[in-house]
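Trainee: Can you read through this structure? Questions will come right after.
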Ligand SMILES: [Zn+2]
């Protein structure tokens with residue numbers, strides 16, 4: 005997954021600009037709400053930075069600033085083409101490296117997601133640290149999941165950096181024909197709370213399904229490219245090529261490619277001709 009530095013924006017000014025552009029409320033009400041939000045934003049940042057998303061309470065209506073009003077600030081002033089904060093929306097959308105979704109590290113970002121869903125945490129509707137660039141696939145899977153339990157949480161790309169650890173592994177479900185799957189590593193060194201978050205992120209976004217389909221394409225390519233090594237039994241040549249692939253992705257130890265090549269290098273049967281047992285007609289198993 006990709007870690008992104010959080011947006012460095014003046015969030016209280018953003019709220020004020022949006023509220024003034026929308027109208028309905030008075031300048032005094034906006035000033036009062038800004039004081040209230042200053043504390044809320046501060047709490048959000050501190051709890052997220054300490055991995056305590058569970059401690060962040062759901063929103064309660066505050067005068068005119070109810071769910072409907074706050075959600076509209078976002079849809080009208082951020083998403084709307086003529087919105088006063090449309091430039092900030094575009095800036096956050098363009099922030100990930102290679103424009104890749106930080107939640108899956110595979111698809112291209114297409115939209116912003118409210119990390120804490122805006123229907124329940126509407127105080128953070130236009131708070132930029134709650135707005136994460138994401139792909140439509142991940143956004144659809146995440147939907148309105150409430151992060152009020154440890155097994156319903158997701159990696160927050162501005163606060164949780166697991167991009168330099170290996171927490172995904174590939175396993176063989178079958179050797180002939182080859183069938184594979186990806187899963188979270190059960191590591192004693194990872195705390196139970198963090199492991200629950202990683203597992204929830206992995207399973208709720210159905211990353212196994214996504215990564216398996218990409219890895220099957222790669223296994224098919226490798227079957228083709230290793231074919232000429234069968235007759236001379238050039239198994240060192242096969243291992244050496246996989247080693248080169250692994251070296252290329254070593255800066256991404258949490259990627260499916262890293263998990264795939266690491267596993268293949270450990271499996272002597274695969275290197276010694278097992279790669280030929282790949283059958284592109286075999287569909288990925290639903291797990
Ligand atoms: Zn994604």
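Residue numbers (this note's numbering): 5 to 291. Cβ atoms here follow ideal geometry from the backbone N, Cα and C, with glycine treated the same way.
(1) Return the CA-CA distance between residue 284 and residue 213, expressed in angstroms with no decimal places.
(2) When you compare each of 242, 51, 130 to residue 71 by their alpha carbons, which one comes out closest?
(3) Less than 9 Å between the beta carbons of residue 174 and residue 273, yes or no?
(4) Can you pull every residue whose C-beta falls closer than 5 Å to some heavy atom of ligand 1, listed in chain order?
(5) Scan the region 98-180 and note each continuous alpha helix (DSSP H) run of 4 residues or more that stays entirely inside, going in chain order.
(6) For residue 40, which three-state DSSP category applies?
(7) Only counting the same chain, and skipping five residues up and downstream in sequence, which positions put a Cβ closer than 7 Å to that of residue 8?
(8) Which value, in whole angstroms, describes the spacing of the CA atoms of residue 62 and residue 270?
(9) Between the region 218-225 and the region 260-270, do three or more beta carbon pairs fall short of 8 Å?
(10) Starting from the C-beta of residue 154, find all residues in its chain whose C-beta is less than 8 Å away, skip the five residues before and the five after it, and write them out in chain order.
(11) Are residue 249 and residue 110 closer than 9 Å when you measure CB to CB?
(12) Do residue 139 and residue 211 have their beta-carbon atoms positioned less than 9 Å apart in this structure?
(13) Among 176, 133, 240, which has the Cα closest to the Cα of residue 281?
(14) Kindly list the residues whose CB is nearer than 6 Å to the CB of residue 25, restricted to its own chain and excluding five residues on each side of it in sequence; keep chain order.
(15) Drop a sphere of 10 angstroms on the beta-carbon of residue 35, count the other beta-carbons inside from all chains shown, and report buried for 16 or more, exposed for fewer.
(16) Excluding five sequence neighbours on each side, which residues of the same chain lie with their C-beta closer than 6 Å to the C-beta of residue 103?
(17) Taking only three categories from DSSP, how would you classify residue 7?
(18) So for residue 22, helix, strand or coil by DSSP?
(19) What is the DSSP secondary structure of residue 282, counted as helix, strand or coil?
(20) From 218, 194, 95, pick the residue whose C-alpha is nearest to that of residue 185; which is it?
(21) For residue 183, write down the residues that DSSP places opposite it in a beta bridge.
(22) Under three-state DSSP, which class holds residue 195?
(23) Which of the three DSSP states, helix, strand or coil, is assigned to residue 217?
Mentor: On the basis of the data shown:
(1) 16 Å
(2) 130
(3) no
(4) 105, 107, 108, 111, 139, 142
(5) 140-146
(6) helix
(7) These residues qualify, in order along the chain: 99, 100, 106, 161, 162.
(8) 47 Å
(9) yes
(10) 58, 197, 200, 201, 204, listed in sequence order.
(11) no
(12) no
(13) Looking at the Cα atoms, 176 is the closest of the given residues.
(14) 81, 88
(15) exposed
(16) 112, 113
(17) coil
(18) helix
(19) coil
(20) 218
(21) 178
(22) coil
(23) helix
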